[in-house]
Structure formats: C-alpha cells, structure tokens
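Peer 1:
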C-alpha cells in the first residue's frame with residue numbers, strides 16, 4: 007500500500023499561505039517566539055463561527071480547506087489531528103477565570119474550545135464530514151501518531167483520502183512557563199542565528215499544517231510517504247542509527263540512497279549533537295538540512311518538516327536557506343526526516359519521489 | 002498479521018473498587034461510588050462526584066508504587082489498573098514488542114490548576130511544569146512497566162479510551178505489533194468539573210441515566226486497561242481469553258461542538274457499523290452498556306438511536322455511570338471491562354436511580370441486577386464532545 011501526499015495547507019510563521027512559497031528568503035524573527043502569519047479568515051469561515059473558535063482551531067480549518075483544495079478533493083474520508091496542547095489560549099482563559107472567580111460565573115465556550123478533540127471535530131463540523139475522526143495528544147509524537155493512524159486507514163482500505171494534520175499555538179504565558187524548564191534561549195536571538203548558537207534552549211514557534219494522504223496518485227501529488235515510525239526513549243545515537251537502518255531496509259533502501267537528511271536541529275547546542283552525530287555516522291556525504299528556524303520549536307513541528315520535504319521532492323529543489331552542511335543534490339529522490347523532542351520522543355518520516 | 006483480536010487481561014480502578022474483585026462486589030450489591038466531594042479541592046461541594054476512595058498518598062501504598070511526588074493521580078490510577086491487567090494476563094511485557102496506548106480528556110489539568118500562577122508569576126522553576134501536559138501520565142505509566150516500544154495518547158473527549166482500544170486492535174491487525182496494552186486514565190479536576198458545570202450538564206443529585214427527571218451527569222474518576230493480543234498469541238497455552246474484540250467503530254457526527262443530534266444520527270451510525278463489522282445482526286446483541294451520561298441531550302438521542310436501530314430486538318441495556326460516574330476518557334475502557342465482567346459472571350448490570358419512564362422513549366433500562374443470563378455479545382457505547390462517537394463489540398469466546 008502506498009501513501010501519497012496529495013495536498014497541503016500550511017499556516018506558519020513563514021509566508022507558506024502563498025502558493026508556491028519556497029524558503030529561499032524567509033521572515034526573520036528576533037523576538038521571544040515566532041507566531042503564525044495569519045490567513046484571511048473571512049475567505050474561509052463565517053464571522054460568527056470564527057469569533058467563537060480558538061486561534062489554533064481557526065488556523066486548522068483554513069489549513070484543512072487549503073489542503074483539500076490543493077488535492078482537488080471535496081470531502082476527506084477521515085480527519086485526524088495531532089496536537090500537543092490544543093487551544094492553549096482558550097485553556098488559559100478558562101483556567102484563569104476559574105481560579106480568579108473561585109469557580110463561579112464561568113463562560114463554557116473556552117472550555118469547549120480547549121478540549122483537545124475540538125480541532126478535528128470542528129473541522130468535521132465545518133466540512134459537514136461524517137467520518138472517522140480522531141486526535142492524538144502525545145507531546146513531540148502527536149503529529150506522527152496521527153500520521154500513523156492515517157497510514158493504517160489507507161492500509162485497511164477504509165479510506166481513500168485522509169485529512170491529517172499537526173497544529174499547536176503559543177501564547178505569552180505558555181512561553182513564560184515553558185521557558186522555566188530551559189526549553190527556550192535566555193538571550194534574545196534571531197531565527198537566522200539559531201544554527202550558529204552555542205547556548206542552551208531553542209526558539210518557540212507554532213503552526214497548523216494539514217495534508218491529504220491518499221492511496222492513489224492525484225493530479226497534484228507531491229511525494230510518497232514511504233515509511234514512518236515513532237520511538238520512545240532511544241538512549242544513544244547508535245541505537246537511533248540502528249532504527250534508521252532498519253526503517254530504510256524495510257523499504258529496500260540504505261543510507262546512501264538518502265539525498266537529504268532533514269533534522270529537527272533547533273539551536274539547543276547540547277541537544278542538537280545527536281543530529282550531527284547521526285549525520286556524520288550514516289549520512290557523511292549527504293546534505294544535512296533543518297527547518298525549525300522557519301517555524302520555531304513546538305510539539306507538532308514535524309508537520310512543517312513534512313510540508314518542506316514534500317515541496318522539495320515535488321520541485322526537485324532545495325533552498326540553500328535550509329542546508330546545514332553539504333551541497334545541493336542534483337536530484338531529490340529520498341528525504342529522511344528525523345525529529346527528536348526532549349530526549350524521549352523520536353520519529354522518522356521517509357519521503358520519496360513518485361515512481 | 003492477525004485478523005482477530007482478543008482480550009487476554011483486564012484491570013480496573015474506579016469509585017466502586019480498586020480492582021476487579023471489589024468492582025464485582027459493588028455491582029452485586031448495587032453499591033454506587035457516587036458520594037459528596039471528599040478528595041477534590043473544589044468549592045462545588047453541592048455536586049456529587051464518583052471519586053476513587055483514596056488519597057494520592059494512599060494510592061502509592063495501594064499499588065505498592067515507590068513514592069515520587071511528581072507522579073499524578075491519573076498516573077497512579079493508571080499504574081494500578083495496568084498492573085492488574087498485566088497480572089491477570091500473566092504476560093511479561095518485555096518478551097515481545099508491546100504497544101502502550103493511553104487516553105486523556107483534560108491531560109495534566111490537575112497540575113495546571115494547582116500551580117498555574119506559580120508557573121507564570123514566580124521564577125521558582127516549579128518542578129511540576131514539565132508534567133502539565135497530556136502525555137505525562139502515559140509516559141510515567143509506560144516507564145513504570147518498562148514499555149518503550151510504541152507509545153501514544155488519544156484524546157477524543159469522552160470516547161478517548163475506546164479509541165485507544167481501537168488503535169491497539171488496528172495495530173495488531175495491520176501487523177505492527179502482536180500485543181497492545183490499551184485503555185485510559187483520568188482523575189477528577191476542577192477544570193472539567195467547572196467546565197461541565199458551566200455547560201449545565203451536571204446533576205445536583207447522583208445521575209439518573211435514562212430517567213425522565215434526569216438533569217445531567219455525575220463526574221467520576223478512574224482507570225482501566227486491557228491487554229489486546231493477536232490470535233496466535235492469545236491461544237498460546239496458559240492464557241485466559243476474557244473476550245474477543247469482535248467489532249468497533251469511530252464516527253464523527255459533525256453536528257455540534259458539545260451536543261448530539263436530537264435523533265442520535267451519530268450514535269445510530271456508530272452502533273450499526275460496529276455490529277456489522279462483528280458480522281452480527283442487531284438480534285445477536287445480548288447487552289448494551291450505554292453511554293448514558295444522564296444528560297437530557299445524550300440519553301434522549303442515544304435512546305432514540307437504540308430504538309431505531311434495534312426495532313423489535315431491543316436488548317437489555319443500562320448505564321453503569323450510575324455506579325462509576327462519568328469517568329470521561331477512562332469511561333470507554335472501564336465500561337469495556339464491565340461488559341467483560343457481565344459476560345464472565347452471567348450478569349446483566351443494573352442502571353441505578355431509574356424511576357420514571359422517559360417521555361420520548363418506549364424502552365427502559367435494566368433496573369435490578371439479573372443473574373444467570375448467558376451473555377455472548379455486548380455492545381459498549383461511548384460518545385464524546387464534538388460528536389466523536391465510538392462503539393465496541395466484545396464477545397464471549
């Protein structure tokens with residue numbers, strides 16, 4: 007069973023709303039966290055409905071509509087979302103109000119919006135799509151879990167076209183709170199300098215990226231999702247090398263077949279070392295690339311990486327702005343995406359050119 | 002690859018008991034777990050709740066779990082229920098790759114509501130910050146048992162743990178793993194108690210599912226986990242097969258962010274699909290464990306959907322939320338275990354607090370426990386916010 011990436015909608019801190027956007031030139035952020043470039047909502051959602059929706063839900067609805075249009079599909083056969091936090095803004099709104107008003111006089115709307123499955127179910131309501139619908143909320147594996155479910159649906163023959171996405175948002179409070187764990191840089195830094203940084207912490211971001219994963223090649227198909235797998239608690243780079251070799255072998259490939267190793271390098275100097283170690287051990291003469299300077303670090307950022315890899319394969323083009331080391335390959339056949347979140351959650355996504 | 006999936010171990014903790022045995026005793030005695038608030042730090046003392054009758058500290062002792070102040074109540078209950086599931090199955094979780102899939106509705110909201118202002122306002126580097134999200138309890142439970150093959154956390158509101166069971170079954174059928182430990186855990190939080198209360202869906206009295214005078218649900222807490230295995234593993238010598246997971250369904254009704262459509266179109270489709278998948282007809286279903294939250298909206302739409310689908314073959318049905326309260330994400334797994342308890346013990350589980358026939362329905366739930374009934378096929382319903390409707394068919398083997 008092949009899984010094709012056949013449509014994409016991407017709301018991110020870059021101008022990914024624009025059709026044909028390539029990150030040759032990207033927006034610079036020299037601030038605490040990167041926020042999404044907002045779409046023109048009134049083209050997609052009725053104003054009354056929009057006002058009730060949390061930010062991440064609005065963006066997800068627009069990204070979903072873009073993905074469907076891109077694939078030339080009216081209705082998907084299933085809707086699956088990965089989200090680390092759902093609507094943080096709405097969660098905070100309900101929580102703060104509950105704590106300030108001693109559990110009285112509460113407006114239930116933010117509570118509803120904050121429920122994690124609100125993204126998937128409100129997309130369903132927006133599209134009037136009565137179908138399989140699920141939500142995964144497992145930190146740095148949320149999107150990849152959703153993607154695996156989509157692959158299962160295609161394998162089972164219970165869906166032809168699955169709408170699958172990853173969405174998270176950032177707020178000031180959430181930034182403040184998570185900064186105390188050492189997740190973000192103490193010093194103010196530009197996303198353009200993330201790679202050169204020698205300090206701890208990354209730069210926070212957000213985004214909503216949705217895909218149509220189909221079992222047939224469609225007019226606008228970008229690439230095939232050849233394989234994907236998640237791992238928990240991988241202890242050493244040697245162990246991860248083994249996982250990578252096994253995944254590639256399952257698809258009759260070996261590291262020399264990979265043209266670009268697209269990694270979750272996020273500027274956290276110590277934590278990034280595993281990416282460099284694996285790159286030098288398995289992909290020494292290959293192109294090493296990164297993406298988090300474009301979208302920031304967040305739980306479902308691998309969805310942004312999948313957007314980037316799919317576009318690179320489709321155009322057979324890699325922007326110099328995403329290369330860490332190595333040359334621009336003459337042709338792009340296979341891209342391996344490797345992301346690691348907070349030491350424990352690891353994932354691989356193998357993207358290939360259409361046969 | 003296995004085309005059939007079997008349940009080879011079960012574990013449960015809820016307000017009606019800390020294990021399978023205590024749960025059965027409470028059911029046999031029609032003893033509800035619903036009581037005034039005792040453990041949750043809330044101002045809403047007027048609302049009944051179905052709490053697990055132990056403090057966090059007592060849960061450590063109960064589960065013989067080494068003390069760790071960062072381990073949350075959801076994590077503790079999850080370890081206790083998963084321990085029993087592993088014990089009853091006799092498996093060694095490390096001998097073959099085993100997926101661990103849990104479910105949550107409000108994640109680590111108990112931590113957030115306790116420390117939020119400290120997280121934000123003080124630079125105290127509060128050590129609970131990394132524990133505030135959805136996957137915390139999943140990872141702590143997995144770590145306790147040394148499960149690191151495949152981890153996931155599902156959240157489809159009140160049908161979450163049904164979808165964790167469905168995912169495990171699908172992974173087995175697709176040949177990704179031969180075994181999965183699936184279920185869910187949720188502790189009471191002020192956050193969802195107040196959320197449901199703000200939506201006016203909490204009864205001031207213990208919930209009265211399918212009663213004409215019902216006025217909302219009663220929230221509860223608990224955890225349940227089930228061991229799912231492929232056919233070739235389940236039939237190995239020395240195994241006990243508790244049930245076959247013969248069918249399941251997941252459908253979003255796409256009707257409203259919180260309510261079910263009046264005629265229960267989503268519940269209807271979900272039940273129909275699960276029965277069809279099991280290769281059964283409606284007359285084969287011997288018992289329905291209804292979603293039966295006790296809210297005006299749910300019981301009416303679910304009841305109408307049952308009438309419409311089953312026609313003249315209405316099976317005995319009940320909502321065991323009158324015992325356990327509505328344990329949100331854990332409810333689907335808890336009710337799956339209760340269906341297995343019903344089949345094992347030949348019992349039809351009663352629906353407590355039913356007095357008055359509902360106006361719009363011609364059917365009524367089981368009022369008293371009925372013994373010595375051969376139950377072969379059970380249907381368990383779980384419906385969530387946003388129309389995330391899911392069903393399981395569990396059959397006697």
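Protein chains in written order, with my numbering: chain E, 7 to 361; chain X, 2 to 398. The C-beta atom is built at its ideal place from N, Cα and C for all residues, glycine as well.
1. If you run the structure through DSSP and keep just helix, strand and coil, what is residue 93 of chain E?
2. Does residue 174 of chain E pass the burial test, meaning 16 or more other C-beta atoms within 10 Å, or should it be called exposed?
3. Against chain X, does residue 304 of chain E count as a neighbour if the rule is that its beta carbon must be under 8 Å from one of theirs?
4. Closer than 7 Å, Cβ to Cβ, to anything on chain E: give me those residues from the segment 185–200 of chain X, in chain order.
5. Could I get the ranges of all uninterrupted beta strand (DSSP E) runs contained in the segment 100–181 of chain X, with 3 residues as the minimum, in chain order?
6. At what residues does the alpha helix (DSSP H) containing residue 159 of chain E begin and finish?
7. Using the three-state DSSP reduction, which class does residue 339 of chain E fall into: helix, strand or coil?
8. Measuring CB atoms only, is the segment 112–123 of chain X touching the segment 168–177 of chain X, in the sense that at least three cross pairs come out at less than 8 Å?
9. Closest Cβ-Cβ distance between residue 156 of chain X and chain E: below 8 Å?
10. Quick one: which chain X residues come within Cβ less than 9 Å of residue 118 of chain E?
11. With a Cβ-Cβ cutoff of 8 Å, do residue 182 of chain X and residue 101 of chain X count as a contact?
12. From the DSSP secondary-structure annotation, give me the bridge partner or partners of residue 40 of chain X.
13. Roughly how many angstroms lie between the CA atoms of residue 285 of chain X and residue 171 of chain E, to the nearest whole one?
14. Taking Cβ to Cβ, would you say residue 260 of chain E is nearer than 8 Å to residue 254 of chain E?
15. Quick one: residues in its chain with C-beta nearer than 6 Å to the C-beta of residue 68 of chain X, no 5 flanking neighbours on either side, listed in chain order?
16. Please give me, in chain order, every unbroken run of the alpha helix (DSSP H) with length at least 4 that falls completely inside the segment 216–301 of chain E.
17. Which first and last residues belong to the beta strand (DSSP E) in which residue 11 of chain E is found?
18. For residue 35 of chain E, which residues of its own chain have a beta-carbon under 6 Å away from its beta-carbon, when the five flanking residues on both sides are left out?
19. Classify residue 56 of chain X as buried or exposed, calling it buried when 16 or more other Cβ atoms lie within 10 Å of its own Cβ.
20. Closer than 9 Å, Cβ to any Cβ of chain X: which residues of the segment 216–230 of chain E, in chain order?
21. In its own chain, which residues sit with a C-beta less than 6 Å from the C-beta of residue 263 of chain E, not counting the 5 before and 5 after it?
22. Once you ignore the five residues that flank residue 157 of chain X on each side, which residues in its own chain have a CB closer than 6 Å to its CB?
23. What does residue 141 of chain E pair with, by DSSP beta-bridge criteria?
24. Compare the C-alpha of residue 63 of chain X against each of X:20, X:351, X:202 and name the closest.
25. Using beta carbons (cut-off 8 Å, strictly below), is residue 254 of chain X in contact with chain E?
26. With DSSP as the reference, label residue 288 of chain X as helix, strand or coil.
27. For the alpha helix (DSSP H) holding residue 338 of chain X, just list the boundary residues, first then last.
28. Helix, strand or coil for residue 364 of chain X per DSSP?
29. Can you name the start and end residues of the beta strand (DSSP E) that residue 390 of chain X belongs to?
30. On the DSSP bridge assignment, give the partners of residue 174 of chain E in chain order.
31. Within 8 Å (strictly less), CB to CB, does residue 310 of chain X reach chain E?
Peer 2: On the basis of the supplied data:
1. coil
2. buried
3. no
4. 191, 192, 195, 196, 199, 200
5. 151–155
6. 148–162
7. coil
8. no
9. yes
10. 196, 200, 258, 259, 386, 387
11. Remark: C-beta atoms of residue 182 of chain X and residue 101 of chain X approach each other more closely than 8 Å.
12. Its beta-bridge partners do not exist; DSSP assigns none.
13. 39 Å
14. yes
15. 61
16. 243–256, 275–288, 298–301
17. 10–17
18. 197
19. exposed
20. none
21. 340
22. 164, 385, 389
23. E:87
24. In this structure, X:20 is the residue among X:20, X:351, X:202 with its C-alpha nearest to the C-alpha of residue 63 of chain X.
25. Chain E, which has a Cβ nearer than 8 Å to the Cβ of residue 254 of chain X, makes this yes.
26. Taken through DSSP and simplified to helix, strand or coil, residue 288 of chain X comes out as strand.
27. In the DSSP annotation of this structure, the continuous segment of the alpha helix (DSSP H) that includes residue 338 of chain X starts and ends at 332–346.
28. coil
29. 389–396
30. E:213
31. Nearest CB-CB separation between residue 310 of chain X and chain E: not below the 8 Å threshold.
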